[in-house]
Structures are given as structure tokens and as C-alpha cells.
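In this note's numbering, the protein residues as written are 78 to 505.
All C-beta atoms, glycine included, are put in the ideal place defined by N, C-alpha and C.
I have placed the structure first, in the form of C-alpha cells, so that the comments after it can refer back to it.
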RNA sequence: GUGAGCGUAGCUCAGCUGGUAGAGCAUCGGUCUGUGGCACCGAGGGUCGCGGGUUCAAACCCCGUCGCUCACCCCA
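Right under this line is the structure:
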């Protein structure tokens, strides 16, 4: 007995259909072009890794590792996990391939799906997509941080993401941060009974995260808490100060947000986030920061690092909600052939147009002429190329622009030339 | 893991205090055998998420269940 069963995409996963997929490709292409203009090169990484890689880099006690990873036992009983983010993989690859011997800083970007088993909501999926970039090397010059931020801003501007805010903070290094965390913890304990249950719990688990709280009633209390900017060591303070100078030099608008902390263990010093409007509760389209100890933590030489990840799902959502989505080139030419006698010419010309890079639809079956033009219209073709018996005998074809019904007769060479220049002109 | 809201045609939805299902759009065909968008006519498409209960009778009321959405947590 065959059970009638409707298959559906697994919770938190989704299909990205045309025409949305065009927008995705457009955005990813923009990112590649911008990143490569800053001399970043693509790294293609595995989608799963040893579970331990993530546990050690992200932090065994974080939610991401503790309860959100897709972890399973391979057939040889080793534990592997679908990647919840890609920085760990980039660092692993950097070490594995001895990339510290490469000249200058190593600048890499990646594009692809990540996996986290959370409850889906607006802008959050279990399979989601990130575009990220990392700079690894011996230098932690603030100019590197600033260049990374400039690159981000350039991409977002180019992608037409309106109403975005860049927030920047420094969370210190492994010398000064623990001292600050302790100070903060002590202060939090004094006001513990005024805090909500979540924040009370965080006093023990991760005091920094209390600063992130959105609870309205906690806001006045949080404002009175000690700020890390007053507790940075001299080196961190200078680094942060120079970063701000660099940002000003580059004309990058930013907000200093002393409450911006990041959830992953490996961050040091510079942290940043880009938020956009109209995204619902999950309004961060990009997050990142410096992670100077991570390479060493994963077994490499002491190395500095900084990077970010853009949430593509959210970036795309923001582009769509902002009404800034660019017009995507659609179907160029619909070949309206009339009869079996005209079909060979239609096939031949369709191929030639396609070789010129024009998107062509060639009906696979004979259609009534009216129907054929109707279909051309519905498919959104720019032109209908009319190939009837007259055209075949005369060798001149009728090109009809659907938008204004203007027609002209062209021989094959003129036709190709005309459409090619049209295509270049329209960017289609 | 917690909470709330919602499930009727491919999509957006209507369906009154219970009387065995509808519209618009979309799709397909026709009016229309070399000129699309318009109009008109017609067709296909639904075990009303699923299961149980109440009732003479359930899309509607009750219980359960599954799914989706949004929010919390956390994060991109």
C-alpha cells in the first residue's frame, strides 16, 4: 500500500525560489566583488567538522555549542557537527595549511549555509546563510579593524541597505576583561533583587550579557553599571582609541555602544554589529570582532585575527523591506515561431542569441501565434522575435518590443548586433 | 526549552447565532489560423491541517494532536 504523503521542508529550512534566488545571487555577487576589491579571496570550507573544533573555539558553555549544534556520531564513532558558524573552520584551515607562511595578512571570505537548532522566527532559521570575512596574521593594527568595517559599510551601501547602524565597542583582552567582569559581577550582586530571572542567572554564567538585556525595567539599573571603557588596560584603550581615529579618517559613521558584547567566547578587544530596521526582533545583519587568541587556542602559533559574519537571510530581508531591491534582468527574447517550416530557423537563431548571453525562451511545441505572444508577455520577455514563413523566405526577422509594441525587421546579423548592444545598454 | 496567535483551492481571503464550501487573483481551454497586455465564456483544482467528541446535522462548538508564524532565551 502506498501511503499518500506530503513532504515538506524541515522546520527552520526553506526553499529560496525565483525570483528571490536572483536577489540572493545579486547580493552574493556584490559581496564577492567588494571583498575582492579589498584583496580578500574566497575560501571554501566543509559544512561539517569535528565537534571539538566548535566546542573549543566558540566555547563549550555557550548556547550555540551547548544546545544548538547538529551533532551526530559518524560511522567510525567520531563526533561531528554541522557548522554553526565558520570562523572556527577558517582558523582550522589557516593552521592546517600553514598559512602563516603566506606573505602579509591572510584575508579570506566565505559564503554558505550554517546550522543551528533554534526555534525559527523572523530572520532566524535552522539552516541560515552567512557571508563572512577574516583577516589573520601577525598584526593587530587598528587600521585592519577599520578596513574591515569600511568594507562592510561599502557593501551595505552598494546593496542598498538603508537605515543601518554600525555599533562598535571594545571588550578588552584576556588581561583586562576578567578584571572588569569581576567588578561588574560585584556590582550586579548588589542589585540582584531588582533584576529579572534571566539576568540573575547571567550574573554567574556570563555577567557581560546582562548588559544586552532588553527588559525595560532593567534599563535604568544597567545605565548605572560600571563600563568597560573605564577598565580597559592601557594597550586596549589605545587600540580602541586608534580604531575610532581610523574610522573618522575613513568617514565611517558609527555608534559607540558600551553594552555591545558578543556571545562567542573567542572575541577580544574590538566588537561590532550592524543592525537594520524592519527586521523584527532579530535586527542584527552582521556581527563580528577581533579574536586574537583563537589561533593559538586551536593549536597554531600566536596570531591576531578579526572577522565578521553577515546574516544573508536578514540582509536580503532588509533589502526587500526597504524597497531598494534592484530590478533583475529577466527574459530577453521569446522566439515566436509559427509552423514546422519555421522551426529550424527558430532553433538556430535561439542558439545564436544565447551565445551572445541573451536569455531566450524557445517554445518546444507549436503554438497558436496569439497564444505565443501572450506567453511572451506573461513570461516578461523584453522582445518577441517573430519567425513566420515570410521571415524565413526573406531572411529578415521581425523583432517586437513588448513594452511599446514597436516592431522592426532585421536580418540575422543586424538582429544579433542590435540585441547585443541593447543588452549591454540595459545591463541585462 | 517557554509563551502567544493562526491553519478553508497554487496565492490572498470570505463563509452570520451549527444546515454537508465560495470569491478574487493565478493556471488551462475557447471567442481569436500573423500580433500580447483588455474583455467575455468555460474548465480543472478542496476528505475546510489531522484525530476524536457533542449533535438529526460540524469549516463553525469541545478535547487532543500536528504544522506554521511571532516573541522570549540565544544569536547572523
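{"Item": "Counted within 10 angstroms of its Cβ, other Cβ atoms place residue 323 as buried (16 or more) or exposed", "Value": "buried"}
{"Item": "Buried or exposed by the 16-neighbour rule on C-beta atoms within 10 Å, applied to residue 149", "Value": "exposed"}
{"Item": "Buried versus exposed, by CB contacts within 10 Å (16 or more), residue 490", "Value": "exposed"}
{"Item": "Per DSSP, cross-strand counterpart(s) of residue 156", "Value": "150"}
{"Item": "Reference residue 460; option with closest CA among 449, 466 and 252", "Value": "449"}
{"Item": "Beta-carbon proximity check, residue 389 vs residue 207, cutoff 8 Å", "Value": "yes"}
{"Item": "Where the beta strand (DSSP E) through residue 253 begins and ends", "Value": "No beta strand (DSSP E) holds residue 253; the alpha helix (DSSP H) holding it covers 253–267."}
{"Item": "Member of 199, 471 and 487 whose CA lies at the smallest distance from the CA of residue 90", "Value": "199"}
{"Item": "Continuous alpha helix (DSSP H) stretch holding residue 317: start and end", "Value": "311–326"}
{"Item": "Backbone CA spacing between residue 230 and residue 85 [nearest angstrom]", "Value": "38 Å"}
{"Item": "Span separating the alpha-carbon of residue 479 from that of residue 458", "Value": "7 Å"}
{"Item": "Residue 164 burial status per 10 Å Cβ neighbour count (16 or more: buried)", "Value": "buried"}
{"Item": "Minimum length 4: unbroken alpha helix (DSSP H) runs contained in the stretch 369–447", "Value": "371–374, 389–398 and 420–432"}
{"Item": "Cβ-based burial, residue 481 [other Cβ within 10 Å; buried from 16]", "Value": "exposed"}
{"Item": "Beta-ladder partner(s) of residue 118, from DSSP", "Value": "185"}
{"Item": "Residue from 463, 210, 189 and 267 whose Cα sits closest to the Cα of residue 422", "Value": "463"}
{"Item": "Neighbour-count burial assignment, residue 79, 16 or more Cβ in a 10 Å radius", "Value": "Residue placement at residue 79 is flagged as unreliable, the pLDDT there being 46, under the threshold of 50; a coordinate-derived value is accordingly withheld."}
{"Item": "Residue 178, enclosing alpha helix (DSSP H) - first and last residue", "Value": "Counting along the chain, residue 178 falls outside any alpha helix (DSSP H), and DSSP gives it neither H nor E."}
{"Item": "Rounded separation between residue 287 and residue 205 - CA only", "Value": "27 Å"}
{"Item": "Contact set for residue 488: own chain, Cβ-Cβ below 7 Å, skip 5 residues either direction", "Value": "472 and 473"}
{"Item": "Reduced DSSP secondary structure (H/G/I, E/B, other) of residue 505", "Value": "Note that residue 505 scores a pLDDT of 48, beneath 50, so its modelled location is shaky; the value from the coordinates is reported in the next line. The answer is coil: DSSP assigns residue 505 none of H, G, I, E or B."}
{"Item": "Residue 246 versus residue 364: straight-line alpha-carbon distance, rounded", "Value": "12 Å"}
{"Item": "Close beta carbons around residue 225, own chain, < 8 Å, minus the five adjacent residues each side", "Value": "210, 212, 365, 383, 384 and 385"}
{"Item": "Coarse secondary structure for residue 247, derived from DSSP in three states", "Value": "strand"}
{"Item": "Coil, strand or helix - residue 200 by DSSP", "Value": "coil"}
{"Item": "Anticipated Cβ contact below 8 Å, residue 372 with residue 171, distance rounded", "Value": "7 Å"}
{"Item": "Boundaries (first-last residue) of the alpha helix (DSSP H) holding residue 88", "Value": "It is not in any alpha helix (DSSP H) - residue 88 carries neither H nor E in the DSSP assignment."}
{"Item": "C-beta atoms of residue 192 and residue 147 nearer than 8 Å", "Value": "yes"}
{"Item": "Exposure of residue 367, with buried meaning 16 or more beta-carbon neighbours within 10 Å", "Value": "buried"}
{"Item": "Limits of the beta strand (DSSP E) - the one that residue 292 falls within", "Value": "From DSSP, residue 292 is part of no beta strand (DSSP E); its letter is neither H nor E."}
{"Item": "Nearest-angstrom Cα separation, counted from residue 493 out to residue 505", "Value": "For residue 505, the predicted structure reports a pLDDT of 48, less than 50, and the residue's modelled location is therefore unreliable. A value from the coordinates is still provided. Cα to Cα, residue 505 sits roughly 15 Å from residue 493."}
{"Item": "Residue span of the alpha helix (DSSP H) that contains residue 220, given as start and end", "Value": "219–235"}
{"Item": "Cβ shell of residue 162 (< 6 Å), same chain only, five flanking positions each side left out", "Value": "191"}
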